[in-house]
Amino acid sequence: MKAEWNDAPDYVRRRPRKGAVAWLIPGLIGTAIMLAALQMVSSAFLKGTAQGIADKRVQPKPAPVAEITRAKPAATKDWDKVVEEVAARGATPQPQTVQPQAATTDAPPKQTVFNDKNYVPQGATNIVPAPRVIPEPAVAIQPRQKEIVVVGKESRLRDFCPYREGSVERRNCKMSVDLNGR
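Each residue of the sequence shown is one higher than the last, beginning at 1491 in the numbering used here.
What follows is the structure, given as structure tokens:
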């Protein structure tokens, strides 16, 4: 079947526009205008709030927690001089007199201010003394006697009903034996 172009409906006969180029230019222009508007609104909004506060305020430098310094090198001892000094004092050192210290029963005052300079660690307060448990000696396990199991047919009371196999009487007999046996 052949048809002419003028027989076709209008939406088929229309030629499409140039496609993406027709939408690209207005889209870029609209995007640029929106970004400029957003930039102006955000700068006006932030002028009196966080940005202005951050620009005006100068944050103070925090005080150092600890000062780190390098250790000074220890002076090397002149061992010859040390030996001569000990020899001059005498070959045997003088024993120091032992003075008994008075036992003080006064507890130290309670600590109320806590910082790194006056910190005195205290022991744990929730310690419970545990009694020493002496384990009992292990008992030797004696071997059990072997059980003998007989495999076979189990005889039940209901199997002794006198009626013919499959009869209604036998079924009723078994049922009554089971009911009475419970």
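Every residue, glycine too, gets a C-beta built ideally from N, C-alpha and C.
| Asked | Found |
| --- | --- |
| Cβ shell of VAL1610 (< 7 angstroms), same chain only, five flanking positions each side left out | GLN1601 |
| The alpha helix (DSSP H) enclosing ASN1699, as first and last residue numbers | Residue numbering for the chain in the displayed model covers 1491 to 1672; residue 1699 lies beyond these limits and cannot be assessed. |
| Contact between the region 1646-1658 and the region 1625-1633 (3+ Cβ pairs under 8 angstroms) | no |
| C-alpha gap between GLY1517 and LEU1528, whole angstroms | 16 angstroms |
| Beta-carbon proximity list for PRO1659, same chain, < 6 angstroms, skipping 5 on both sides | Going by the sequence as given, residue 1659 is Glu instead of Pro. So the qualifying residues of the chain are TYR1653. |
| Alpha carbon of LEU1669 to alpha carbon of CYS1663, nearest angstrom | 10 angstroms |
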